[in-house]
Amino acid sequence: MRGVALIGCGAIGGVIAKAIDDGLIPAALLYVVDADRGRAERLAASLRNQKPAVASGVDEIARDPRVEVVVEAASQEAVLQYAEALLAAGKELVVLSVGALVRPEARPLLAKYGGRVHVPSGALGGLDALRALALAGVESVELVSRKHPSKLADEPYVRERGLKLEGLREPLVVFEGTAEEAVRAFPRTLNVAAALALASGAPVRVKVVADPSTHRNVHEFVARSKAGTLYVRVENVPHPGNPKTSYLAALSAVELLRELCSARCSSAPNRNG
Ligand SMILES: NC(=O)c1ccc[n+]([C@@H]2O[C@H](COP(=O)([O-])OP(=O)(O)OC[C@H]3O[C@@H](n4cnc5c(N)ncnc54)[C@H](O)[C@@H]3O)[C@@H](O)[C@H]2O)c1
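If you use my numbering, the sequence shown corresponds to residues -15 to 257, in order.
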């Protein structure tokens, strides 16, 4: 069994810990850690089969040779803060806050340790085909993310600009920019833009649309390459056990960990493009 540590004990971290506890991921959960220690303690206490220690900090995890895989489910800042120490200690790192990986600060990290940084496909599909197209060169990727206005109203980007979305009758484009700009503007919800940038190696144009006609979070992308054009549309529903996170995004993280923890050699998945 591979030893796993979890950084971040919120919505997605809770789903991952439960999947390990239920035996869906063949691993031993050795540590949980969270900036809010109470959250880590509550999560550890809620598990029936696994008995993870609540780590005092990420250094404790980096030092423990039993930990082979570390899952980050915290924030972009957590990735930038802890990834170097964990990767330098030889750990495999599963990054949920994928937005961090398209920030310039992460470039040296990916160049040095990219083979041990793993990225789930999240609330999207088709990234395997996108990575294949990237071998022939992807010319452009366009992503349109649609959400109901009520789901965007609390986003800091929307509040800071004083955008009024209440009572909207027609779709309204609230953001247009690159993947890097998108993950800074919507750090918690546009990991898909970063995943596309990493998989394609191409510039990604992102549009965020407040759409009163949709009650699902819908992501559509089109990728153009001389090897073909890829068009993908995914309609996301909330996780039944934790409506704060997308069902598909949670499943994709669980599936990646299942594969990583089942593979004990170099065939382990690496999906950072
Ligand atoms: N790629 C994907 O498919 C995907 C899916 C869901 C969530 N996410 C990302 O995963 C992250 C967590 O999402 P969530 O919905 O579980 O959020 P959440 O707010 O429910 O939980 C995050 C937890 O991490 C902790 N945390 C934040 N920064 C920390 C740090 N520097 N050190 C230690 N703990 C820290 C917080 O205290 C909190 O308990 C977010 O960045 C989100 O964008 C990615």
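Using N, Cα and C, we set each Cβ at its ideal position, and we do this for glycine too.
Cβ distance (whole Å) where residue i is taken to contact residue j below 8 Å
i, j, result
"A67", "L77", "6 Å"
"H223", "H132", "The Cβ separation is near 17 Å, so there is no contact."
"V42", "A12", "Not confirmed; about 18 Å, so no contact."
"P171", "Q60", "5 Å"
"A177", "A166", "4 Å"
"L27", "V16", "6 Å"
"L70", "A46", "5 Å"
Residue environment, residue i, which counts as buried when at least 16 other CB atoms sit within 10 Å
i, result
"K2", "buried"
"C249", "Note that C249 scores a pLDDT of 46, beneath 50, so its modelled location is shaky and nothing firm can be said."
"A58", "buried"
"N33", "exposed"
"A19", "exposed"
"A120", "exposed"
"V51", "buried"
"R91", "exposed"
"K228", "exposed"
"D195", "buried"
"E56", "buried"
"G(-8)", "buried"
"V238", "buried"
"V125", "buried"
"L136", "buried"
"G99", "exposed"
Under 7 Å between C-beta atoms of residue i and residue j
i, j, result
"V63", "A95", "no"
"R208", "E123", "yes"
"A179", "G106", "yes"
"L232", "N220", "yes"
"P155", "V206", "no"
"V202", "R143", "no"
"E204", "V128", "yes"
"L214", "A113", "yes"
"C245", "R21", "no"
"L111", "A183", "yes"
"P49", "L14", "no"
"V218", "L117", "no"
"K75", "V54", "yes"
"A24", "N226", "no"
Check your understanding: Which residue spans inside the stretch 184 to 250 form an unbroken alpha helix (DSSP H) run of at least 4?
Key -> 231 to 246
Point to revise | Complete runs of the alpha helix (DSSP H) confined to the stretch -10 to 68 [at least 4 residues] | key: -5 to 5, 21 to 30, 42 to 47
Review point. Unbroken beta strand (DSSP E) runs of length 3 or more, entirely within the stretch 138 to 184: which are they?
Key: 156 to 162
Practice item. Entirely within the stretch 58 to 117 and at least 4 residues each: give me those alpha helix (DSSP H) ranges in chain order. Key: Counting whole runs of 4 or more residues, the stretch 58 to 117 contains the alpha helix (DSSP H) stretches 60 to 72, 91 to 97.
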